[in-house]
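Enquirer: My structure is below; once you've seen it, I'll send some questions.
So, in C-alpha cells, the structure goes:
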C-alpha cells in the first residue's frame with residue numbers, strides 16, 4: 001500500500017491512518033505507531049487493539065488523560081528492537097514502563113524533553129551506550145529505573161538536578177567512574193541501587209545527607225578508601241517498608257553468619273531496608289557511627305578489606321547481613337565467644353614460638369593456625385637481623401592449615417627476629433556462604449615479634465707458629481750461661497743472667513716461646529754450683 005499523509009505502515013499489518021483518530025493528537029498517534037513498528041508489536045505478548053481501532057486510549061497498556069497519552073505500561077510484553085525517537089512526541093507522558101524485554105540501543109534524547117515524566121522504567125533489557133547528560137532535564141522524575149541493562153560510561157552528575165527523585169536504580173550495568181557527589185543533593189531519595197557496576201573511587205560522604213534513604217546498595221563495584229562515618233546518619237534505613245505488623249524485626253530473622261548476599265538477590269522483601277557495600281575494595285576500620293543504624297535490618301559489609309577491631313555498636317546492628325571475609329578482630333569479652341562472626345576473618349596466627357638459635361643451623365617457627373583455613377591463602381614469614389630493624393620476607397607456607405615453618409639463615413652472634421601475617425587470596429565463595437566473589441587479597445595484621453636464641457661462638461685458638469724469634473733468643477741464654485761459668489762471683493753471674501730475660505721478652509713474639517726461654521735459663525742456675533765445687 002502506498003503511504004499517504006497521516007497513515008503509518010506497520011510491519012506485517014495493514015496501514016494505520018492516524019488521521020482517523022480524534023481522542024489524542026495525531027502526532028501522539030504516529031508516535032505510538034512508530035513505537036509499535038520499532039519494537040515488533042506484531043509479536044508482543046499482548047497487543048490488543050493496537051493498530052486495530054481508532055481509539056488508542058483502549059489499546060493494551062495505554063492510559064490517557066485529558067486527551068493525551070499519559071501512561072504507557074508494556075513491561076514483560078516481549079518488546080524487541082529500539083526505542084524510537086518519535087516516543088518523545090508523547091509530550092504529556094507521565095509514566096513509561098518498558099521493563100523486562102529485549103530492547104537494544106540507547107535512551108533516545110527525545111525522551112529527555114518529557115518534562116512531565118515522573119516514572120521511567122526500562123529495566124531488564126539490553127540497552128547500551130552511556131546515559132545522556134540531558135536526562136538531568138527530567139526534573140519531575142520520581143522513579144528512574146534502568147537496572148539490568150548494558151549501559152556504559154559515567155553516571156551523569158546532572159542526575160543531581162532531579163530533586164524530586166525518590167527511587168534511583170542503575171544497578172547491574174557496566175557503568176564506571178566515580179559515584180557523583182551530586183547524588184547527595186537528592187534529598188527525597190528513598191532507594192539508591194548502584195550495585196553490580198564497575199564504579200571506582202571513594203564513597204562520597206555527601207550520601208550521608210540523604211536523610212530519607214532507607215535502601216543503599218553499592219555492592220560489587222571497585223570502590224576504594226574507607227567507609228565514610230557520615231553513613232551513620234542514615235537512620236531511616238529499615239523504615240522503607242513495614243517489617244512486621246508491629247513494625248519490629250521478626251524474631252525468626254536470624255543473622256547470616258557466613259558471607260555476603262548473592263549478587264542476584266536482595267534482602268528479603270518486603271520486610272527490610274539495608275546498607276550494602278559488599279565485594280568492593282574498601283579498607284580501614286569500621287566507623288563506630290554505623291552503630292547508629294539501629295533500624296537497619298541488613299548491614300552487608302562482607303568481601304572487603306576492613307580491618308581492626310569490630311566496634312561493639314556495629315556488631316549490634318549486623319542482623320540480617322554480614323561482615324564476613326574481612327580482616328576484623330575483636331577482643332571484646334561479649335563478642336569474642338560468639339565465634340560465628342569471626343570464623344571467616346583473615347587474622348594473624350597466634351601463639352608464635354621460635355626454636356633454635358642464630359648459629360646457622362635450622363630454626364623452627366611454630367604457631368596456632370587461624371580458624372579460617374579453607375579458602376586459598378598462606379602465612380608469610382619475615383625476619384630482621386636486629387631489634388627494630390627492617391624486615392625481609394623469607395617465604396610462605398603452602399596454605400593456611402600449616403602450623404610450622406623452618407628457616408635457615410647465616411650465623412650471627414645476635415638473635416634473629418621473626419613475625420608472621422596471614423594472606424587470603426581472591427576467591428569465589430561457596431553458594432552456601434552467600435557471597436559471590438571476594439575480589440581482594442586480604443592481609444592480616446602482623447603477629448608479635450619473636451626472637452630466636454643468640455649464639456656465643458667458642459674462643460678462637462691461635463695455632464702455635466714456628467718460633468723464629470725464640471730460636472735466636474735461646475742461644476743467647478746459653479751464651480749467658482757460659483759467661484756465668486767463667487765469672488767467679490755469683491752476683492756477677494746473676495746480673496749477667498738478668499739481661500738474658502730481657503732479651504727473651506724482646507725476641508719472643510708469643511707467651512709460649514717466653515716460657516721456653518725461662519725454662520732454659522733456670523737449669524743454668526742449678527748447674528753452676530756443681531761446676532764451682
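Numbering (our numbering), first residue to last: 1 to 533.
Virtual Cβ for every residue (Gly too), placed ideally from N, Cα, C.
Since the model is a prediction, treat every value here as computed from it, not as a measurement.
Residue 23: which of 59, 373, 37 sits nearest, CA to CA?
Expert: In the chain shown, residue 23 corresponds to position 23, counting from 1. Out of 59, 373, 37, 59 has the C-alpha closest to the C-alpha of residue 23.
Enquirer: Just to confirm the assignment, what range does the alpha helix (DSSP H) spanning residue 31 have?
Expert: Counting from 1 along the chain shown, the entry for residue 31 is found at position 31. From DSSP, the alpha helix (DSSP H) with residue 31 extends over 26-38.
Enquirer: DSSP three-state label for residue 18, please.
Expert: As a working mapping, residue 18 is identified with position 18 in the chain shown. In this structure, residue 18 counts as helix in the three-state DSSP scheme.
Enquirer: Tell me the residue span of the alpha helix (DSSP H) that contains residue 185.
Expert: Position 185 of the chain shown, counting from 1, holds the residue named residue 185. Where residue 185 is concerned, there is no enclosing alpha helix (DSSP H), given that its DSSP letter is neither H nor E.
Enquirer: Which class does residue 105 belong to by DSSP, given the choice of helix, strand or coil?
Expert: Residue 105 sits at position 105 when you count from the first residue of the chain shown. Here residue 105 sits in strand by DSSP.
Enquirer: Going straight from the alpha carbon of residue 49 to that of residue 325, what length do you get?
Expert: Stepping through the chain shown from its first residue, residue 49 is reached at position 49. Stepping through the chain shown from its first residue, residue 325 is reached at position 325. In a straight line, the C-alpha of residue 49 is about 55 Å away from that of residue 325.
Enquirer: Is the beta carbon of residue 104 sitting closer than 8 Å to the one on residue 131?
Expert: Locating residue 104 in the chain shown gives position 104, counting from the first residue. Locating residue 131 in the chain shown gives position 131, counting from the first residue. No; because the gap between Cβ atoms is not below 8 Å, this pair is not in contact.
Enquirer: When you compare only the Cα positions, how much space is there between residue 242 and residue 295?
Expert: Working through the chain shown from its first residue, we reach residue 242 at position 242. Working through the chain shown from its first residue, we reach residue 295 at position 295. Unreliable placement is indicated for residue 242, whose pLDDT of 37 sits below 50; the coordinate value is still reported in the next sentence. Rounded to the nearest angstrom, the two C-alpha atoms are 12 Å apart.
Enquirer: Relative to the C-alpha of residue 179, which candidate in 191, 165, 159, 190 has its C-alpha closest?
Expert: Taking the chain shown and counting its residues from 1, the one referred to as residue 179 is at position 179. Nearest of 191, 165, 159, 190 to residue 179, Cα basis: 159.
Enquirer: Skipping 5 residues on each side, what residues in its chain have a beta carbon closer than 7 Å to that of residue 350?
Expert: Start at 1 with the first residue of the chain shown, and residue 350 comes out as number 350. So the list reads 367, 368, once near-sequence residues are dropped.
Enquirer: Using only alpha-carbon positions, find the residue among 113, 365, 370, 412 that is nearest to residue 395.
Expert: Along the chain shown, one-based indexing puts residue 395 at 395. It is 365.
Enquirer: Which first and last residues belong to the beta strand (DSSP E) in which residue 354 is found?
Expert: Sequence index remark: in the chain shown, residue 354 carries index 354 (1-based). Run containing residue 354: 350-355, per the beta strand (DSSP E) assignment.
Enquirer: Confirm, please, whether the CB-CB distance from residue 453 to residue 415 is below 8 Å.
Expert: Working through the chain shown from its first residue, we reach residue 415 at position 415. Working through the chain shown from its first residue, we reach residue 453 at position 453. Yes, these two residues count as a Cβ contact at 8 Å.
Enquirer: Among the residues of its own chain, which have a CB less than 6 Å from the CB of residue 217, if the five just before and after it don't count?
Expert: Indexing the chain shown from 1 puts residue 217 at position 217. 193, 195, 276, listed in sequence order.
Enquirer: Which residues in the same chain as residue 44 place their Cβ atom closer than 6 Å to its Cβ, once the five residues preceding and following it in sequence are excluded?
Expert: Reading the chain shown from its first residue, position 44 is the one you call residue 44. Answer for residue 44: 77, 78, listed in chain order.
Enquirer: Rounded to the nearest angstrom, what separates residue 422 and residue 379 at their Cα positions?
Expert: Indexing the chain shown from 1 puts residue 422 at position 422. Indexing the chain shown from 1 puts residue 379 at position 379. If I take the Cα positions, the gap works out to 5 Å.
Enquirer: Exposed or buried, what is residue 486 when buried is set at 16 or more other beta-carbons lying within 10 Å of its beta-carbon?
Expert: Here the question's residue 486 lines up with position 486 in the chain shown. A caution first: residue 486 carries a pLDDT of 39, below 50, which makes its placement in the model unreliable, though a value can still be read off. By the 10 Å Cβ count, residue 486 comes out exposed.
Enquirer: In terms of residues, what are the limits of the alpha helix (DSSP H) holding residue 312?
Expert: To locate residue 312, count along the chain shown from 1; it is residue 312. Start and end: 312-317.
Enquirer: Is residue 208 buried or exposed, if buried means 16 or more other CB atoms sit within 10 Å of its CB?
Expert: Working through the chain shown from its first residue, we reach residue 208 at position 208. Looking at its Cβ environment, which holds 16 or more other Cβ atoms inside 10 Å, residue 208 is buried.
Enquirer: With DSSP as the reference, please indicate the residues paired to residue 130 in a beta bridge.
Expert: What you label residue 130 is simply residue 130 of the chain shown in a count that begins at 1. Looking at the DSSP assignment, residue 130 forms a beta bridge with 152.
Enquirer: What are the partner residues of residue 366, as DSSP defines its beta bridges?
Expert: By one-based count along the chain shown, residue 366 stands at place 366. Residue 366 is bridged to 353, 404.
Enquirer: In whole angstroms, what separates the C-alpha of residue 292 from that of residue 308?
Expert: As a first step, residue 292 is located in the chain shown; it is residue number 292 there, counting from the start. As a first step, residue 308 is located in the chain shown; it is residue number 308 there, counting from the start. Cα to Cα, residue 292 sits roughly 19 Å from residue 308.
Enquirer: To the nearest angstrom, report how far apart residue 16 and residue 33 are at their CA atoms.
Expert: Residue 16 sits at position 16 when you count from the first residue of the chain shown. Residue 33 sits at position 33 when you count from the first residue of the chain shown. Looking at the two C-alpha atoms, the distance is approximately 8 Å.
Enquirer: Taking the C-alpha atoms as reference points, what is the distance between residue 18 and residue 39?
Expert: Start at 1 with the first residue of the chain shown, and residue 18 comes out as number 18. Start at 1 with the first residue of the chain shown, and residue 39 comes out as number 39. Computed Cα separation, rounded: 19 Å.
Enquirer: Take residue 268 and list the residues in its own chain whose beta-carbon comes closer than 6 Å to its own, dropping the five residues that flank it on each side.
Expert: Residue numbering aside, residue 268 sits at position 268 when the chain shown is read from its first letter. With a pLDDT of 34 at residue 268, under the threshold of 50, the modelled position of that residue is not reliable, and the figure given next carries that caveat. Same-chain partners within the cutoff: there are none.
Enquirer: If I follow the unbroken beta strand (DSSP E) through residue 300, where does it start and stop?
Expert: Working through the chain shown from its first residue, we reach residue 300 at position 300. Its beta strand (DSSP E) spans residues 298-300.
Enquirer: Rounded to whole angstroms, how far is the Cβ of residue 97 from the Cβ of residue 62, which I believe are closer than 8 Å?
Expert: Position 97 of the chain shown, counted from the first residue, corresponds to residue 97. Position 62 of the chain shown, counted from the first residue, corresponds to residue 62. In fact, because the Cβ distance is near 11 Å, the residues do not count as touching under 8 Å.
Enquirer: For residue 49, which three-state DSSP category applies?
Expert: As a first step, residue 49 is located in the chain shown; it is residue number 49 there, counting from the start. Three-state result, residue 49: coil.
Enquirer: Candidates 87, 94, 95: which alpha carbon is nearest residue 536's?
Expert: What is shown of the chain runs 1 to 533, which leaves residue 536 out entirely.
Enquirer: Should residue 438 be labelled buried (16 or more other beta-carbon atoms within 10 Å of its own) or exposed?
Expert: For the purposes of this step, residue 438 is taken as the residue at position 438 of the chain shown. Buried: at least 16 other Cβ atoms inside 10 Å.
Enquirer: Would you call the CB atoms of residue 321 and residue 226 closer than 8 Å?
Expert: Residue mapping note: residue 321 aligns to position 321 of the chain shown, counting from 1. Residue mapping note: residue 226 aligns to position 226 of the chain shown, counting from 1. No, Cβ-Cβ distance for residue 321 and residue 226 is not below 8 Å.
Enquirer: Return the first residue and the last residue of the beta strand (DSSP E) that residue 210 is part of.
Expert: For the purposes of this step, residue 210 is identified with residue 210 of the chain shown, where counting begins at 1. Counting along the chain, residue 210 falls outside any beta strand (DSSP E), and DSSP gives it neither H nor E.
Enquirer: Please report the straight-line C-alpha distance between residue 20 and residue 232, rounded to a whole angstrom.
Expert: In the chain shown, residue 20 corresponds to position 20, counting from 1. In the chain shown, residue 232 corresponds to position 232, counting from 1. C-alpha separation (whole angstroms): 60 Å.
Enquirer: So for residue 295, helix, strand or coil by DSSP?
Expert: Here residue 295 is taken as the residue at index 295 of the chain shown, counted from 1. Correct three-state label for residue 295: coil.
Enquirer: If residue 221 sits next to residue 198, beta carbons under 8 Å apart, how far is it from one beta carbon to the other, in whole angstroms?
Expert: For the purposes of this step, residue 221 is taken as the residue at position 221 of the chain shown. For the purposes of this step, residue 198 is taken as the residue at position 198 of the chain shown. The Cβ separation is near 7 Å, so the contact holds.
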